[in-house]
Amino acid sequence: GGNEVGMGRLVHLDPTIAELKPSGNADFVALSDTGCYRSCDHLLLSSVSNWGGSAFEMAAHVLYGSGCPAEADYCAALSRVGCSLADLEKAVLAAACAQPAGAVDGVYPDRAMSIDGLAFEPHHRKLYDQLWSLAAGVS
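Numbering-wise (UniProt numbering), the sequence shown opens with residue 1 and increments by one.
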């Protein structure tokens with residue numbers, strides 16, 4: 001909790017945040033021990049890091065996609081082959097899980113089609129589909 005780059009912004013806004021513990025659990029150390037103190041101008045929060053990264057990507061597509069060279073516009077490239085953001089994320093997760101020393105969930109020590117304890121279907125797919133729809137609606 002709180003170890004993501006930019007989370008130091010919260011501590012700058014309210015120094016008492018540094019002493020909070022994830023879920024209020026006394027077994028965890030305070031954010032001041034494990035948190036990232038690197039700040040930022042604009043903080044993008046998400047309950048799953050992957051979602052925040054994808055939200056950032058889709059926002060960049062909305063803001064800059066039309067001025068982007070065709071070979072750099074991966075949203076358009078995905079659309080041309082009938083693929084969506086959710087399809088891409090699922091394929092990346094499946095490839096990571098298939099590796100002998102592949103990625104594990106992050107909550108559970110399994111190589112399952114889940115991230116942070118949430119199964120890809122339907123949880124992650126639903127959010128990725130929403131992001132894709134929002135980005136496609138304005139591009």
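All C-beta atoms in this analysis are idealised placements derived from N, C-alpha and C, irrespective of residue type, glycine included.
Task: Contacting residues, own chain, Cβ-Cβ under 6 Å from residue 28 (five flanking each side not counted) - done: So the list reads 21 and 22, once near-sequence residues are dropped.
TODO: Work out the CA separation of residue 61 and residue 139 for me, nearest whole Å.
DONE: Note that residue 139 scores a pLDDT of 48, beneath 50, so its modelled location is shaky; the value from the coordinates is reported in the next line. Rounded to the nearest angstrom, the two C-alpha atoms are 8 Å apart.
Open item on the list: Residues in the same chain with beta-carbon distance under 7 Å from residue 55, minus the five sequence neighbours each way, listed in chain order, please.
Closed with: Result list for residue 55: 44, 46 and 131, in chain order.
Task: Among 30, 106, 38 and 84, the one whose alpha carbon lies nearest that of residue 12 - done: For residue 12, the nearest C-alpha among the options comes from 38.
Open item on the list: So the candidates are 110, 95, 79 and 108; which of them puts its Cα closest to the Cα of residue 129?
Closed with: When the alpha-carbon of residue 129 is set against those of 110, 95, 79 and 108, the nearest one is in 79.
TODO: Enumerate, from N- to C-terminal direction, the unbroken alpha helix (DSSP H) stretches of 4 or more residues contained entirely within the UniProt domain "D-glutamate cyclase-like C-terminal" (1-128).
DONE: Listed in chain order, the complete alpha helix (DSSP H) runs (minimum 4 residues) inside the UniProt domain "D-glutamate cyclase-like C-terminal" (1-128) are 8-13, 31-34, 49-64, 74-80 and 85-98.
Open item on the list: When you compare the CB positions of residue 102 and residue 108, do they come within less than 8 Å of one another, or not?
Closed with: No, the pair does not count as a contact, with Cβ atoms beyond the cut-off.
- [ ] Could you check the C-alpha separation between residue 35 and residue 18 for me, to the nearest Å?
- [x] Using only the alpha carbons, I get a separation of about 8 Å.
Task: Buried or exposed (CB count within 10 angstroms, at least 16 for buried), residue 40 - done: Flag for residue 40 reads exposed.
TODO: Return the chain-ordered list of same chain residues with a C-beta closer than 8 Å to the C-beta of residue 184, the five sequence neighbours on each side being excluded.
DONE: Nothing about residue 184 can be reported from this structure: the residues present for the chain run from 1 to 139 only.
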